Amino acid sequence: MIWSFASSLSAKTVTGSVVSASDHEPLIGATVKVQGTQAGTVTDLDGNFSIEANDGQTLIVSYIGFVTRHVKVTGNHLRIVLEDEANSLEGVVVIGYGVQKKKLVTGANIDIKGDDIAKLNTSNPLQALQGQTPGMSIISQSGQPGSGLKVNIRGMGTIGNSDPLYIVDGIRGDIASLNPSDIESIDVLKDAASAAIYGAQSANGVVLITTKSGKEGRAVVSFDGYVGWQNKARSIDMLNAQEYKEIMDEQAINSGKNPYDWSSLVDTYNDDGSLKQYGIYDTAGNLIDTDWVDQMFKSNAKTESYNVGVTGGVANSGTYAVSLGYMDQEGIVGGKDVSNYERYNFRVNSDWLVKKYLRVGEQISYIYTKTKGIMVGNAYNNSLRAAFNTSPFTPVYSDNTYYDSPYNATDKSAWINSDGNPYGLMMTNTNNQTNASRLTANAYAELELIKNLKFRTTLGYENYTSNYRSFTPLYHFSIYSFNDTKTSVSQNSSTNQQITWTNTLTYDWKLGEHSFNALLGMESWRFEGVGVGAGNAYLKSGFEDWTHAYVSNGTATNADDGLSASGSPSVNQRTLSYFGRLGWNYKETYMVNATLRADSSSRFAKGHRTGWFPSISAGWILSNEKFWKPISSVVDYFKFRASWGQVGNQNIGELMWVSPITTSDAYYNFGTTLGAEGQSAYYGAYESRLANPEIKWETSEQWDLGFDAQLLKGKLNVNFDWYNKTTKDWLVMAPILATAGTGAPYINGGDVKNTGVELGLSWNDNIGKDFHYYVNVNGAYNHNEVGNIPTADGIIHGTDGNGQLYDNSTEFYRAENGHAIGYFWGYKTAGIFQNQQDIDDWIAAGNGVLQGSSVAPGDVKYYDVNHDGKINDEDKVDLGNGMPDFTYGFSLGFDWKGLDFSIQANGMVGNDIVQSYRNVGNKTSNYTSAILQRWTGEGTSNKYPRVTESNINWQFSDLFIQDGSFLRISTITLGYDFAKLLHQKWFSQARLYFQVQNAVTFTKYDGMDPEIGYGVNSWASGVDLGYYPRPRTCLVGVNLKF
């Protein structure tokens, strides 16, 4: 006590500054404490501090996102440089149920700073990771606002749900609607050893999201906002009216018909002066020439986002972070009325030290979204697809005011009555909106029982509610596109909630030079959900519009009139888990980590509900060894890693192991014709599928070898991984005899192997004191191959028929032994028959022709693979698939005295795209300008066949497939921080920036966007039937802190 009193009397005032190592900018709000005392302070707006301390005492200097330093007091003024955790081996990264020093990680992990994500201004945080995370394939499923992304970590491993597990602040959650400004970091666990601690949920990898927390010291207020304008980045050239007219004539002639009498296709009138026939010429006598694709797009569609945040805390007491955000993105197709995404975010996080041994806190988030969307995806309910197919002879408006309608004689078109008005239909019949809210609340308490022995309990709750409403008005655009009888409305509501209770016990200890850490835990998860729906028709007079379109305003009285009610059975899922981890290292040179998790799930039958998922990983930091010293001046750090693990996938449907009972079409006909008057039929019930209580988890086993290195005093970082991942025990339909009288049961069987390599390189350096620059490059290769499928033919068939590509098209994708999941299955072509001799020689060689006796020069040569003189399904082969072989990306940038510039890019190689813009089953559908390269005579083309009114030359083949490889310059940003010029330090940051998103794309693909995540089925991709493209966005924004 006397020494302490004397010491305090001799303490002196120590001043100093705290700056960032990367750019030497001041760190505002950094915490400075005197070790072993209660004395502490925080840095001001210039990064300066003042504190009472003695020579020889140690200052502990910390700042979120930077490595904490211990600095001995050796004078009256100190300049303390903190290194960014992302660039430092001493920093910590998030792992399953904890954190770990970066240099001791033995798994294949990636960590990304939240600030880097927020700077890219994406509505979905995952989009900011494109091209920046090797081994993580992220592909847009649509460019429509609010649409999702297709994410695969180290390849597709299942025909079921292949999404990774998302953990937000320790609880299963949704990342898509998170405000990027709220994110502190994202950590991706790629290998099984890292992910196995999450057991049955982690077969597809794990993405850990940590939201921002406060820091001790004065409150810091931040504002981030931008406003931008969106336009289509690439267009597609369709035939104009003159070109279309010439092609239609050529089609007719090549089909043995006369060319069209175009002069007769003029407006004609009845005796009473009313329009009898609607012609293809305008009032000036020129061909009507509508560019339907251009018409569908809106110029300068607006997007905007605004976020306000407050962070702060009280020394030795607690911290808080509060944020409020809003964003609105208008669609570039149709505009705000039909395609739009709006989001509101609120979040509060806090952490409080109640006692020296007790810490409590919470994370509360509320997200509300409103989404409107046009029809996208498949061949028929697709607004853009309709635009590709409609004749340019059809006008948009009849009198510059109204879309063409029966009252303006579009059903009496002189050209073709089936041509509608895709723009008019989209704007008239796209009346839908989904309002969704997500409330998430986590509360935790952490108790230090004895030194380094901590017990933590976390209770997490999430409630998600979605309400959908749609309205169908009266309209009539063609003989196929009309609704003349009744207005109708539908409303659907679904809600679900999940509760997670997690308890962990951690202990860290040392025995000499040996360090240990242990984790024991249990987790209980419960999910409940229900959905209801209703429909009505014949809305009351005066209520026949979107504003009044509610079920309560309909007048239908029975099902035939449109009155309906529906509901989904209550979903009730449970899991109970126990898990543990043991880690060891010796002198931070040799490391071993092992985990084990047991999951029990209600999705499986008793006796098969529990799965065990082990892993082990090891690391060796060779640069700590004496033999490394000769090269240590060049290679500062080198760690070798190896891991093995098993993880599971429980993402299957409910009650897949039982036999469902159905009453659908359960008629038995005795004696008379079914449906005839006086029939003898009885309504019954039957099992629609055989039971199999033996089904179990899908399991993924993975080996990983890799290394992490730093060279040239930390300026160059290198990360490399090789992996071999085998996923087995897929849930597939068993082969059964047709005489079974019911559907096949689900069984476990089938496996797929993904093998690949990943490489990441990053360079960070300074030129002088003020100029900092960086370059990051990464790439990943993956090979996907199905090993075995236990069906009768070794195939899981894609959608069979149903005209998914064009009228009457058949199966074109599948999963099969020895091929990639979702490969394209069709005919391979050998060019075009140039003359009759070419045809005769082909047939004489024993080859078949699909066109039969009508084959003629200009027709397609389809390979007769089995050389049996016929062209049929036996000749269809693997034509590629929509998954990339190689993904890559790079980013580079610099900052200098407040000026900053950066570029991000991403790309794919080896992804194939099936392009089917034209419904080849309809002879009058328009073509893209590619058809101008068609065969018109010997030697004119060996790729595109002659045009005919038949689609025999357009059966699914490699003619539909293009190379989708691309390099996209995804973001270019230029900014300046005006706070550097302000004499009064009201603002610690006052940055103004300009940004271009989706700036330019280099690709051979001639469609509007080569990044195609749609694939008819969840396990296929790369099918472009009129894909909603990603916009090019130019925006201006500000970042303010004060």
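Once you know that position 235 of the sequence shown is 276 in our numbering, the rest is easy, because the numbers rise by one and skip nothing. We put the CB at the ideal spot given by N, CA and C, even for glycine. Bear in mind that the values here come from a model prediction, so they are computed numbers and not experimental data.
Taking Trp698 as the centre and dropping the five residues before and after it, the same chain places the C-beta of Phe645, Ala646, Ala732, Asn733, Pro734 and Ile736 closer than 7 Å to its C-beta, in chain order. Where Gly465 is concerned, the enclosing alpha helix (DSSP H) starts and stops at Pro463 to Asn470.
As a beta-bridge residue in DSSP terms, Gln1003 pairs with Ile954. Excluding the 5 residues flanking it on each side, Ile662 has same chain C-beta neighbours closer than 6 Å at Thr630 and Lys680, in chain order. Trp1060 sits in coil when the DSSP states are folded into three classes, being neither helix nor strand. Leaving aside the five residues that flank His649 on each side, the residues in its chain whose CB is nearer than 6 Å to its CB run, in chain order, Lys737. A check of alpha carbon separations from Ser1062 across Ile277, Gln242, Asn193 and Asn819 identifies Asn193 as the nearest.
Here the region 116-133 lies against the region 94-104, with 3 or more beta-carbon pairs under 8 Å apart. Cβ contact annotation for Gln1030 (same chain, cutoff 7 Å, sequence separation greater than five): Asp1018, Ala1020, Asn1080, Leu1081 and Lys1082, in chain order.
Collapsing the DSSP output to three states places Phe496 in a strand. Taking the Cα of Val816 as reference, the smallest distance to any Cα among Val112, Gly198 and Ala946 is reached at Ala946.
Setting aside the 5 residues that flank it on each side, Ser611 is surrounded in the same chain by Glu569, Gly570 and Val571, each with a C-beta closer than 8 Å to its C-beta; the list follows chain order.
Within the region 569-611, complete alpha helix (DSSP H) segments of at least 4 residues are not found at all. Residue environment for Thr783: exposed (fewer than 16 other C-beta atoms within 10 angstroms of its C-beta). Boundaries cannot be given for Met416, as no alpha helix (DSSP H) includes it and DSSP labels it neither H nor E. One Cα belongs to Ser511, the other to Glu383, and the distance between them is close to 18 Å. With respect to the 8 Å criterion, Ser340 and Asn272 are classified as neighbours on the basis of their beta carbons.
Boundaries of the beta strand (DSSP E) harbouring Phe1035: Gln1030 to Thr1044, taken from the DSSP string.
For Val334, the enclosing alpha helix (DSSP H) starts and ends at Trp333 to Met337. Secondary structure at Asp879: helix, using DSSP grouped into helix, strand and coil. Using a C-beta cut-off of 8 Å, the region 421-436 makes contact with the region 1055-1070, since at least three inter-stretch Cβ pairs fall below that distance.
Scanning Gly137, Thr309, Ile408 and Ala274 for the CA closest to the CA of Asp223 turns up Ile408. Classified as exposed, Tyr627 has fewer than 16 neighbouring CB atoms from the shown chains inside 10 Å of its CB.
Ile808 counts as exposed, since fewer than 16 other C-beta atoms from the protein chains shown sit within 10 angstroms of its C-beta.
With respect to the C-alpha of Val798, the residue from Asp806, Phe654, Asn825 and Asp525 having the closest C-alpha is Asn825.
Excluding sequence positions up to five before and after Ile373, its CB lies within less than 7 Å of the CB of Gln271, Asn272, Lys273, Phe338, Lys339, Ala342 and Pro1072, all in the same chain and listed in chain order.
Distance from the CA atom of Asn963 to the CA atom of Asp848, rounded to whole angstroms, is 8 Å. Under the three-state reduction of DSSP, Met1049 is assigned to coil, being neither helix nor strand. Taking the C-beta atoms as reference points, Arg1009 is found no nearer than 8 Å to Asn983.
An exposed status is given to Pro671, since fewer than 16 other beta-carbon atoms sit within 10 Å of its beta-carbon.
Contact annotation: Leu68 and Val60 have beta-carbon atoms nearer than 8 Å. Under the three-pair Cβ rule at 8 Å, the region 919-933 counts as touching the region 170-182. Here Gly839 is near Val1057, since their CB atoms are less than 8 Å apart.
Between Asn858 and Asn823, the C-beta spacing is not below 8 Å. Inside the region 815-842, DSSP marks whole beta strand (DSSP E) runs of 3 or more residues at positions 836-838, from first to last along the chain.
Between the region 239-256 and the region 199-217 there are three or more C-beta pairs closer than 8 Å, enough to call the two in contact.
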